[in-house]
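What follows is a single structure, written as structure tokens, with notes after it.
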Amino acid sequence: MIDPTANTLGYRALKTFPDTRLGLRMMYAALRLTRFVRPPSALHVEKLRIPRRDGGKVRLVVVRPKKTAMNMPVVLHIHGGGYAAGVPEQDYEIVRRYISAAPGIFVMPDYRVSLKAPFPAALYDCYDALIWLRDNARNLGGRLDQIFIMGESAGGGLTASLCQMARDKGEVGIACQFPLYAMLDDRPDQWTEIENSLLAWSKTKNRLGWKLYLGQAIADPPNYSVPARAKALHGLPPAVGFIGDHDGFLGQNLAYFDLLRSFGVDARLQVFKGAYHGVDILAPNSDVGKAIWDYAIEEFKRAVETCSVQN
Numbered sequence: 313m314i315d316p317t318a319n320t321l322g323y324r325a326l327k328t329f330p331d332t333r334l335g336l337r338m339m340y341a342a343l344r345l346t347r348f349v350r351p352p353s354a355l356h357v358e359k360l361r362i363p364r365r366d367g368g369k370v371r372l373v374v375v376r377p378k379k380t381a382m383n384m385p386v387v388l389h390i391h392g393g394g395y396a397a398g399v400p401e402q403d404y405e406i407v408r409r410y411i412s413a414a415p416g417i418f419v420m421p422d423y424r425v426s427l428k429a430p431f432p433a434a435l436y437d438c439y440d441a442l443i444w445l446r447d448n449a450r451n452l453g454g455r456l457d458q459i460f461i462m463g464e465s466a467g468g469g470l471t472a473s474l475c476q477m478a479r480d481k482g483e484v485g486i487a488c489q490f491p492l493y494a495m496l497d498d499r500p501d502q503w504t505e506i507e508n509s510l511l512a513w514s515k516t517k518n519r520l521g522w523k524l525y526l527g528q529a530i531a532d533p534p535n536y537s538v539p540a541r542a543k544a545l546h547g548l549p550p551a552v553g554f555i556g557d558h559d560g561f562l563g564q565n566l567a568y569f570d571l572l573r574s575f576g577v578d579a580r581l582q583v584f585k586g587a588y589h590g591v592d593i594l595a596p597n598s599d600v601g602k603a604i605w606d607y608a609i610e611e612f613k614r615a616v617e618t619c620s621v622q623n
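Every letter in the sequence shown is one number past the one before it in my numbering, and letter 245, counting from 1, is 557.
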């Protein structure tokens with residue numbers, strides 16, 4: 313049973329999108345409209361475009377407190393949307409909550425979603441944004457030794473993949489990662505069976521999302537495309553996550569955090585009873601939403617106080 317206070321209009325509306333490519337396109341169109349949402353008044357927002365490796369441009373939304381500060385953590389924040397949809401602006405309220413608790417700079421890439429281009433487009437766009445973040449951290453007032461990566465759902469999956477890629481390339485040191493209710497594993501047996509009527513993101517949508525993201529490589533996913541398939545997780549940054557017990561990603565998140573710990577990574581995952589996928593966004597003021605945000609803010613503040621790495 314989900315928390316009855318979390319049965320919001322947004323939750324019910326999300327479940328109405330059909331479990332088809334058309335449904336994902338409808339989600340894509342709805343989320344694109346958030347580009348025109350005004351950011352919270354407490355935030356300073358700058359939008360820019362940076363070069364990407366194929367000669368195109370990656371759009372970035374850079375968010376920081378209006379009251380200037382120096383030596384702030386710098387967070388690459390990656391939006392969710394099943395790898396298929398989404399824009400940075402949909403997460404203004406998420407970023408506002410973190411910045412209100414511990415001032416920081418959030419760099420949010422508008423990566424190419426899988427409805428436009430399959431893997432590795434999204435991951436490469438996020439990595440190019442990470443390199444830009446590294447090169448511009450000090451000019452933004454950020455700490456080069458406190459670069460975090462954070463994302464929800466598919467953004468959590470990209471967070472995990474990006475940390476694996478950053479470790480292997482050795483170009484950027486990541487102080488902490490936050491893969492939140494992350495979309496980590498394409499394998500059907502890694503889906504947690506939950507009554508379909510309670511799911512904000514269904515098993516069918518999930519299968520379609522992975523099919524679009526992996527494209528022709530779906531039979532043999534390449535390195536970094538499916539973070540849970542990685543063979544070695546040693547040397548990764550500390551990981552913090554949370555997930556609801558009514559989330560189809562529950563099992564794969566538990567397994568991934570267990571695997572991180574088996575490789576010596578400091579990894580903490582909190583499971584919230586009565587929480588569905590994305591309840592922190594769709595019902596932040598519900599009983600379980602408030603509990604999640606209390607946990608998320610405390611863990612973010614703890615990371616700011618304790619996590620750093622030499623770059």
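No residue lacks a Cβ here, since even glycine has one placed at the ideal position from N, Cα and C.
Open item on the list: So, does the segment 573-581 touch the segment 542-559, judging by three or more C-beta pairs under 8 angstroms?
Closed with: yes
Task: Cut-off 6 angstroms between Cβ atoms - residues of its own chain near Pro-491, not counting five sequence neighbours on either side - done: Gly-468, Thr-471, Ala-472 and Gly-553
Open item on the list: Please give me, in chain order, every unbroken run of the beta strand (DSSP E) with length at least 3 that falls completely inside the segment 475-519.
Closed with: 488-492
Task: Residues that DSSP places opposite Gly-590 in a beta bridge - done: For Gly-590, which the question treats as bridged, DSSP gives no partner whatsoever.
Open item on the list: Looking only at its chain, what residues have a beta carbon closer than 7 angstroms to the beta carbon of Gly-601, apart from the 5 residues adjacent to it on each side?
Closed with: Ala-318, Val-591, Asp-592 and Ala-595
- [ ] Kindly indicate which three-state DSSP category Ile-530 falls into: helix, strand or coil?
- [x] coil
- [ ] Flag this pair as touching only if the segment 363-383 and the segment 440-459 have three or more C-beta atom pairs under 8 angstroms; answer yes or no.
- [x] yes
Task: Minimum Cβ-Cβ distance from Ala-540 to chain E less than 7 angstroms - done: Any reference to chain E falls outside this structure, which holds one protein chain only.
TODO: Please name the residue or residues paired with Asp-422 in a DSSP beta bridge.
DONE: Arg-371
- [ ] Identify which residue in Lys-378, Pro-377 and Val-373 has its Cα closest to the Cα of His-391.
- [x] Val-373
Task: Which listed residue (Cys-488, Lys-613 and Ser-598) has its alpha carbon closest to that of Ile-314 - done: Ser-598
Open item on the list: In whole angstroms, give me the CA-to-CA distance for Thr-618 and Asp-447.
Closed with: 23 angstroms
Open item on the list: Along the chain, where does the alpha helix (DSSP H) containing Trp-341 start, and where does it finish?
Closed with: A small correction: the amino acid at residue 341 is Ala; Trp does not occupy that position in the sequence shown. Note, Ala-341: alpha helix (DSSP H), 333-344.
Open item on the list: My output table needs one value for Val-583: the three-state DSSP class, helix, strand or coil.
Closed with: strand
- [ ] Report yes if the CB atom of Ile-417 is closer than 7 angstroms to the CB atom of Arg-376, and no otherwise.
- [x] yes
TODO: Would you give the residue range spanned by the alpha helix (DSSP H) that Phe-329 belongs to?
DONE: Counting along the chain, Phe-329 falls outside any alpha helix (DSSP H), and DSSP gives it neither H nor E.
Open item on the list: So for Leu-321, helix, strand or coil by DSSP?
Closed with: helix
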